[in-house]
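Under my numbering, the residue at position 8 of the sequence shown is numbered -2, and the numbers go up by one with no gaps.
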Amino acid sequence: MLFTEVTEMLPEMELFQYIYKTADMGCQGIDTVEEHAEKRLREELRRERQEYRTIRDEADGYIRQRGDTPAGVGTMARVSAEWMSKGQLAMDDSRGKIAEMMIQGTTTGIVKTIRHLNDYQGDDGDARRLGERLLDTQEQNVERMKAYL
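Have a look at this one:
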């Protein structure tokens, strides 16, 4: 008889995994729209992507440090989001549309990040700090995108 060890994810591990996946999705979203953006907007998107990469890499380090492997965005979710974005851009690839898409996606992320931070019961200061940094980044990104509407 085979026994499988069942381990529960620690609250901080769940938060770190969420942060990793969300920052990864932010990078993917920017990758999808970047080629359609005019120079000034493209530079802003690149700055945002770099911040998401930094947060993702930091979450990666914390996850691995605790003996786990980061779980990025699944293939189906990635492909679905990419095709949906490409479909919207095929109809309108103006800077206003790109900004609108980025604001909508990031706003969804903000709501989920707030929920995760409110539900977090752990006492790992690194997890909370990185989650709050992600939230701050998301909120700043929405504010910056408003200038392109």
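Every residue, glycine too, gets a C-beta built ideally from N, C-alpha and C. Fair warning: this is a prediction, and the values are worked out from it, not measured in the lab.
Counting only the Cα atoms, C17 lies some 7 Å from R43. Between M3 and R85, the gap from beta carbon to beta carbon reaches 9 Å or more. V23 has its alpha-carbon roughly 12 Å from the corresponding atom of E34. About 6 Å separates the beta carbons of R123 and I45, which is inside the 8 Å limit, making them a contact pair.
Straight through space, the alpha carbons of E48 and D126 are spaced by roughly 15 Å.
In this structure Y110 does not touch L31 by the C-beta definition: roughly 34 Å separates them, more than the 8 Å allowed. F6 and D50 have their C-alpha atoms roughly 8 Å apart. By the Cβ-count criterion, Q128 is buried, with 16 or more other Cβ atoms from all chains shown falling within 10 Å of its own Cβ.
In terms of Cβ geometry, G19 and S75 form a close pair [threshold 9 Å]. Under the three-state reduction of DSSP output, E33 falls in the helix class. Of the other Cβ atoms in all chains shown, fewer than 16 fall within 10 Å of the Cβ of I104; this residue is therefore exposed. The beta strand (DSSP E) runs of length 3 or more contained entirely in the region 103 to 138 do not exist; there are none.
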